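*Asks:* In the working numbering, the protein residues as written are 1 to 115.
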Amino acid sequence: MADFGKPFWKTWTELDALLSWREGWNGYDAAAPNQEAIGHAFVWIEGLYEDTLTTGIRWMAPNVVADAHGNVVFEWWEGQKRLTIYIHPETVEYVKVWGPDIFSEMDDGEAEGIE
Numbered sequence: 001m002a003d004f005g006k007p008f009w010k011t012w013t014e015l016d017a018l019l020s021w022r023e024g025w026n027g028y029d030a031a032a033p034n035q036e037a038i039g040h041a042f043v044w045i046e047g048l049y050e051d052t053l054t055t056g057i058r059w060m061a062p063n064v065v066a067d068a069h070g071n072v073v074f075e076w077w078e079g080q081k082r083l084t085i086y087i088h089p090e091t092v093e094y095v096k097v098w099g100p101d102i103f104s105e106m107d108d109g110e111a112e113g114i115e
């Protein structure tokens, strides 16, 4: 890992902690976080952080969790706005919400770019 400093350290350590989550981590039958998804997530989030450094955009540390299928999930919130990124072993998907109407204030798809 490159030396990105304190703002990024929280995200990195939370992502690293997913490696210790075992099957059933949620008290039910959730899959353990997939190691390939975690590896992909490290590369993806590092690229995003590098972009914030080069563009001058303020870094907002995401909430870092796994989903029940073993994928890595990054979530950011600000007011009614929410961005959720799902990192699979091979792909990255997003859900973007900017209001309560799921038909006109929500978008989803495959994320492109940062790799």
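Even for Gly, the Cβ is constructed at its ideal location relative to N, Cα and C.
These numbers were taken from a predicted model, which means no experiment stands behind them.
DSSP state of TYR28, grouped into three classes?
*Replies:* coil
*Asks:* On a Cα-Cα basis, can you pick out the residue from GLU105, ILE102, TYR86 that is closest to ALA111?
*Replies:* TYR86
*Asks:* Pop quiz: TRP44 and VAL95 are said to be a contact at Cβ under 8 Å. What is the actual Cβ separation, rounded to whole angstroms?
*Replies:* Contact doesn't hold; Cβ gap of about 16 Å is too wide.
*Asks:* Would GLU105 pass as a contact of GLY99 if the rule is Cβ separation under 9 Å?
*Replies:* yes
*Asks:* Would you list the one or two residues that DSSP bridges to TYR86?
*Replies:* As computed with DSSP, TYR86 is found in a beta bridge with VAL73, GLU93.
*Asks:* Taking the Cβ atom as the reference point for each residue, do VAL73 and ASN63 lie within a distance shorter than 9 Å?
*Replies:* ASN63 sits close to VAL73, with the two beta carbons spaced by under 9 Å.
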